[in-house]
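Under the UniProt record's numbering, think of the first position of the sequence shown as 1, with each following residue one higher.
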Amino acid sequence: MSGSEIAPEEAAEHLSDVPESDQPAAQPSKSSLKKAARREKLAAFKLERRAREKLAKKEKKRIKAEKRAAGELDSEDEPKAKKRRIAGPPFGGRVVVDLGFDKIMTEKEVQSLCSQLGYTYSANRHSGHPFALFFTSLDGKTLARLESLGDASYKRWTNTQWWSEGYERLWETDPAVKQSIVYLTADSDEELTELKPDETYVIGGICDHNRYKNECLNKAQATGIRTARLPIGTYLADLRSRKVLTVNQAFEILVHWVETRDWESAFHAVIPKRKFDENKGNDKVKSVKPEKAASETVVVSVEELETNDST
Ligand code: SAH
1 MSGSEIAPEE
11 AAEHLSDVPE
21 SDQPAAQPSK
31 SSLKKAARRE
41 KLAAFKLERR
51 AREKLAKKEK
61 KRIKAEKRAA
71 GELDSEDEPK
81 AKKRRIAGPP
91 FGGRVVVDLG
101 FDKIMTEKEV
111 QSLCSQLGYT
121 YSANRHSGHP
131 FALFFTSLDG
141 KTLARLESLG
151 DASYKRWTNT
161 QWWSEGYERL
171 WETDPAVKQS
181 IVYLTADSDE
191 ELTELKPDET
201 YVIGGICDHN
211 RYKNECLNKA
221 QATGIRTARL
231 PIGTYLADLR
241 SRKVLTVNQA
251 FEILVHWVET
261 RDWESAFHAV
271 IPKRKFDENK
281 GNDKVKSVKP
291 EKAASETVVV
301 SVEELETNDS
311 T
């Protein structure tokens, strides 16, 4: 290539500089020029303001440091200490959420269940005496839903274990472990009196809006483990009927009991207040479908759960 020749890419640049016609390029209008000037002014003003704010902050910090050094700072001026959860030792007991029911749940119920699992995890995380939390029979729709949430954030939940196998794996290597496992279900004839650190409590990971009865009881019996219901009727005179709670409510009651050793306060803390009124025969109970009313069941719905501040 000789010195006078122009490389192809340079040629392209030159070409783009050449006006397409001999007509002078359209002049920007007066108003667009004005607007541009205003924009520039605003941007400059913003920069200036930021710089001023930065300086003021620095100065404030410096004055505070001086005051602190001179012992002139009163407690009002000091930043509040971050509220920290007082973490005690873990309770020792285990809670298993049995996720083996997703074939009998609708897609929407699976979604609600997954929200309940989130509340369950959160309650455990914020407890001063957390349980070891296991999720078993993770598969199918529940697995798919969890995978789709927050970039599969469930995998990062601390102090949890996720098994694709059923809870039977707990006694796989030591059959004696089976004696220490209790399936919690409102349909049990046994009433829970206390929680023991060497026991494992199974909660049925099922959201069915009370379509089914005895699902968990039957499963527990089929796998040969003990069952127990929460002692709601014993402690809450107003709630003598069969009480079916959501997964996280059942779990939160366990957490509260561990913290207070007091069933009554645990129930009051978790069961929505209006449940008590409903039981006294107000309009909500009247709206319960006849077959449900016949079995005297009060169901705490997911909608209630989702508006429940404690969750
Ligand atoms: N319809 C389901 C129950 C779903 S409630 C069935 O037929 O078994 C979800 C879970 O919360 C239950 O499996 C149980 O582990 C727990 N639970 C709810 N209410 C309870 C109660 N009153 N006592 C003990 N466990 C309860």
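Built from N, CA and C at the ideal position, the CB exists for glycine as well.
Just so you know, these numbers come straight off a predicted model, no measurement behind them.
Task: Any non-hydrogen atom of the ligand SAH closer than 7 Å to Asn210 Cβ - done: Yes - the ligand SAH has a heavy atom lying nearer than 7 Å to the Cβ of Asn210.
- [ ] Check the DSSP bridge columns for Phe135 and list the partner residues they point to.
- [x] Answer is Val97 and Trp162, bridged to Phe135.
TODO: Measure the alpha-carbon distance for Gly92 versus Thr173 and round it to whole angstroms.
DONE: Cα to Cα, the separation comes out at about 20 Å.
Task: Ile232 to Arg156 span [Cα, whole Å] - done: Spanning the alpha carbons of Ile232 and Arg156 requires a straight line of approximately 34 Å.
- [ ] For Lys273, name the three-state secondary structure that DSSP assigns.
- [x] Coil at Lys273, not helix or strand.
Open item on the list: Going by DSSP in three states, Trp181 sits in which element: helix, strand or coil?
Closed with: According to the sequence displayed, residue 181 carries Ile and not Trp. Ile181 falls in the strand class under three-state DSSP.
TODO: For Pro130, count neighbouring Cβ atoms within 10 angstroms of its own Cβ and tell me buried if that reaches 16, exposed if not.
DONE: Buried, since its Cβ has 16 or more Cβ neighbours within 10 Å.
Open item on the list: Bridge partners for Val191 per DSSP, in chain order?
Closed with: Inspection of the sequence shows that residue 191 is occupied by Glu rather than by Val. DSSP lists Arg229 as partners of Glu191.
Task: CA-to-CA distance, Phe251 to Asp139, given in whole angstroms - done: Their backbone Cα atoms lie some 21 Å apart in a straight line.
- [ ] Could you check the C-alpha separation between Pro28 and Arg39 for me, to the nearest Å?
- [x] Near 15 Å, if we compare the C-alpha coordinates of Arg39 and Pro28.
Task: Three-way DSSP call (helix, strand, coil) for Thr200 in this model - done: Strand, per DSSP.
Task: Rounded C-alpha distance that separates Val244 from Glu191 - done: Near 14 Å, if we compare the C-alpha coordinates of Glu191 and Val244.
TODO: Indicate whether Tyr235 and Glu259 have their beta-carbon atoms separated by less than 8 Å.
DONE: Not a contact, by the Cβ cut-off of 8 Å.
TODO: Check whether the region 139-150 touches the region 100-116, counting contact only when three or more Cβ pairs, one atom from each stretch, lie closer than 8 Å.
DONE: In the pairwise beta carbon analysis, the region 139-150 is classified as touching the region 100-116: at least three pairs are separated by under 8 Å.
Open item on the list: Taking a contact to mean a Cβ-Cβ separation below 8 Å, would you say Thr223 touches Glu165 in this structure?
Closed with: Result no, Cβ atoms of Thr223 and Glu165 do not sit closer than 8 Å.
Task: 8 Å contact criterion, which Phe134 and Gln161 should meet: CB distance rounded - done: At roughly 5 Å, the Cβ-Cβ gap stays under 8 Å, so Phe134 and Gln161 are in contact.
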